[in-house]
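Chains as they are written, first to last, in the numbering used here: chain X, 221 to 337; chain B, 70 to 180. Here is the structure we will look at, set down as structure tokens.
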């Protein structure tokens, strides 16, 4: 298994440009999430999905769109890039299993480092 | 909005000393997870706590979940240089799948 893969690893955009960050997992996980990580602020949830066709907003959804047409893929779209979106973006996937309770341990991809100038 | 605060932000210890990081939520959590992130890497899952007052151990690491399910701690006994990294807690909001991450504690171990 490749686990969670993200492309690209690095990206530089100009203000106003749009792009899609790709995320794929081959573990048949139900749940997928996008986080952004900024220095001193931990990881903040952008959007998440609990299954194909179902998405919901996280803490910081403005400026980002997602869709989940398949179990494997969960792309993140930046509609009109702004310098405030300069960050490291992590995709994560997890699954539901029962072992004395619900477990949703998250598997993270390697991240995409995005710079908006 | 919901917040998960983590203290301290940074901790430098001599190798062999103990280390503790604390996580406090403004709301009750369904469960709490702990992750470790090495410099330049991605977060790696360590453990999940679900029950009120739960304590779990992994070798030199001890994890606790508070009775009110609003706070948690990670204690490392006799730190080693391999423990270097940033430790995050992540609390799951009740009735949702949303995980809110703490701000993290960056641990540096001096040999």
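Cβ coordinates follow ideal geometry from the N, Cα and C atoms, glycine included.
- Three or more beta-carbon pairs separated by less than 8 Å link the stretch 76–94 of chain B to the stretch 139–146 of chain B, which places the two stretches in contact.
- Think of a sphere of 8 Å around the beta carbon of residue 96 (chain B): no beta carbon from chain X falls inside it, the nearest being about 13 Å out.
- With its beta carbon less than 9 Å from one in chain X, residue 113 (chain B) belongs to the interface.
- For residue 125 (chain B), same chain residues with a beta-carbon under 7 Å away, outside a window of 5 residues either side, are 116, 118 and 132 in chain order.
- Per DSSP, residue 324 (chain X) is not a residue of any beta strand (DSSP E), being assigned neither H nor E.
- Distance from the CA atom of residue 153 (chain B) to the CA atom of residue 110 (chain B), rounded to whole angstroms, is 12 Å.
- Taking C-alpha positions only, residue 129 (chain B) is separated from residue 99 (chain B) by approximately 26 Å.
- The beta carbon of residue 251 (chain X) sits closer than 6 Å to those of 270 and 314, all from its chain and outside the five residues before and after it, given in chain order.
- At the C-beta level, residue 267 (chain X) and residue 298 (chain X) stay beyond 9 Å of one another.
- The CB of residue 325 (chain X) comes closer than 8 Å to the CB of 102, 114 and 117 in chain B, given here in chain order.
- For residue 289 (chain X), the three-state secondary structure derived from DSSP is coil.
- Along the stretch 237–255 of chain X, going in chain order, the ones with a CB nearer than 7 Å to a CB of chain B are 251.
- Of the candidates B:176, B:114, B:76 and B:101, B:101 places its Cα closest to the Cα of residue 122 (chain B).
- For residue 93 (chain B), the enclosing beta strand (DSSP E) begins and ends at 88–94.
- The beta-carbon of residue 160 (chain B) is placed no less than 9 Å from the nearest beta-carbon of chain X.
- Excluding five sequence positions before and after residue 262 (chain X), none of the CB atoms of its chain fall closer than 7 Å to its own CB.
- The Cβ of residue 167 (chain B) sits closer than 9 Å to at least one Cβ of chain X.
- In terms of CA proximity to residue 169 (chain B), X:254 leads the group X:221, X:254 and X:230.
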